[in-house]
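> Sharing a structure below in structure tokens format, with a few things to ask.
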Amino acid sequence: MNKDRIIEKLLENHASLLLTVNGLPNQILNHSINSKWTPAQHFDHITRSIRPLGILFKLPKWLLRVFFGRSNRDSRDYDRVVEKYLERLKKGGHATGRFIPDQTTTFEKEGLLQV
């Protein structure tokens with residue numbers, strides 16, 4: 012899958028997420044079940060996770076190679092990336108560092124959607 016198709020797929024999925032979040036009342040956005048992330052925290056996590064991609068996709072390939080080197084494997088298509096991500100989650104993978112959503116804020120829908 013090429014860069015343009017990846018960007019297209021990310022935009023499609025993000026638009027779908029925005030519609031879902033926009034349809035939830037604030038009370039549900041901030042409701043946690045069994046101490047898991049709230050819908051708003053999930054949205055915050057996704058926003059924190061995709062923000063760096065916008066910057067990376069704008070960089071020329073040669074500069075990415077300077078920072079990250081050459082890949083030691085063939086590129087994966089979008090579905091394979093999702094599959095690998097889900098496998099990691101099943102094995103106990105979790106967010107770290109700057110990708111962890113704010114745990115103390117009560118989010119308002121209007122603030123979340125202004126990203």
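Mapping the sequence shown onto this note's numbering, position 16 (from 1) lands on 27, and the numbers just tick up by one. Each residue gets a CB set at the ideal place from its N, CA and C atoms; glycine is no exception.
So is Phe118 buried or exposed if we call it buried at 16+ other beta carbons inside 10 Å?
For the purposes of this step, residue 118 is taken as the residue at position 107 of the sequence shown. Result: buried.
> If we call anything under 7 Å between Cβ atoms a contact, is Arg62 one with Phe110?
Here residue 62 refers to the residue found at position 51 of the sequence shown. Here residue 110 refers to the residue found at position 99 of the sequence shown. Cβ atoms of Arg62 and Phe110: not closer than 7 Å.
> Beta-carbon within less than 7 Å of Ile57's beta-carbon, same chain only, minus the 5 sequence neighbours each way: which residues are those?
Translated into positions along the sequence shown, residue 57 becomes position 46. Within the same chain, Ile57 has close Cβ partners Leu28.
> State yes or no: is the C-beta of Asn41 within less than 7 Å of the C-beta of Thr49?
Counting from 1 along the sequence shown, the entry for residue 41 is found at position 30. Counting from 1 along the sequence shown, the entry for residue 49 is found at position 38. Yes. Within cutoff.
> Is it buried or exposed for Gln114, if we count other Cβ within 10 angstroms and need 16 for buried?
Numbered from 1 along the sequence shown, position 103 holds the residue referred to as residue 114. Exposed, because fewer than 16 other Cβ atoms sit within 10 Å of the Cβ of Gln114.
> Please classify Phe78: is it buried, with 16 or more other beta-carbons within 10 angstroms of its beta-carbon, or exposed?
Numbered from its first residue, the sequence shown carries residue 78 at position 67. Looking at its Cβ environment, which holds fewer than 16 other Cβ atoms inside 10 Å, Phe78 is exposed.
> Please classify Ser82: does DSSP put it in a helix, a strand, or coil?
Numbered from 1 along the sequence shown, position 71 holds the residue referred to as residue 82. In this structure, Ser82 counts as coil in the three-state DSSP scheme.
> Report buried or exposed for Pro36, applying the criterion of at least 16 other Cβ atoms within 10 angstroms of its Cβ.
Translated into positions along the sequence shown, residue 36 becomes position 25. Exposed, by the Cβ-count rule.
> Helix, strand or coil, according to DSSP, for Leu201 in the structure here?
Residue 201 cannot be examined here, being either before or after the span of the chain that is shown, 12 to 126.
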